[in-house]
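Adding 119 to a residue's 1-based position in the sequence shown gives its number in this note's numbering. Even for Gly, the Cβ is constructed at its ideal location relative to N, Cα and C. Only a predicted model underlies this, so the values are computations on that prediction, with no experimental measurement involved. So the structure is just underneath, and the comments pick up after that.
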Amino acid sequence: MMQVLTYILSRAVPDVRVSYAVVTDSVRRRGYFILVDPDHIGYWARFKRRYPYCAHVAQVRGARVDVACPEFSTKKELLDWLADILDLSQGERRLLYICEKT
Numbered sequence: 120m121m122q123v124l125t126y127i128l129s130r131a132v133p134d135v136r137v138s139y140a141v142v143t144d145s146v147r148r149r150g151y152f153i154l155v156d157p158d159h160i161g162y163w164a165r166f167k168r169r170y171p172y173c174a175h176v177a178q179v180r181g182a183r184v185d186v187a188c189p190e191f192s193t194k195k196e197l198l199d200w201l202a203d204i205l206d207l208s209q210g211e212r213r214l215l216y217i218c219e220k221t
């Protein structure tokens, strides 16, 4: 259910339009990232300005950070990072994990 992820990312950066967001995998790099439409690169640039520590946290956790959205080796690592950066409540985390089937 990408509606939950879309809602969470819309709320995280309210001044950027998010039509949809979906966890996707990068076949070439074997990593998971969140694709945001309509402006993937613009959204993540604004996200990084709003949460300036997010790239450092991702790097410490082993993610590839030289891309718009950090890429993690597993979907769970990606969602854990997002939930921690956004300080999601336990209920929001559970709903996100259930909807994304991690």
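- Membership of residue 203 in the alpha helix (DSSP H) is indicated by the continuous run 194-204.
- In the three-state reduction of the DSSP assignment, residue 216 falls in the helix class, which pools H, G and I.
- It is roughly 9 Å from the alpha-carbon of residue 124 to the alpha-carbon of residue 153.
- Here residue 127 is buried, its C-beta having at least 16 other C-beta atoms within 10 Å.
- Straight across, the Cα-Cα distance linking residue 160 with residue 218 is about 24 Å.
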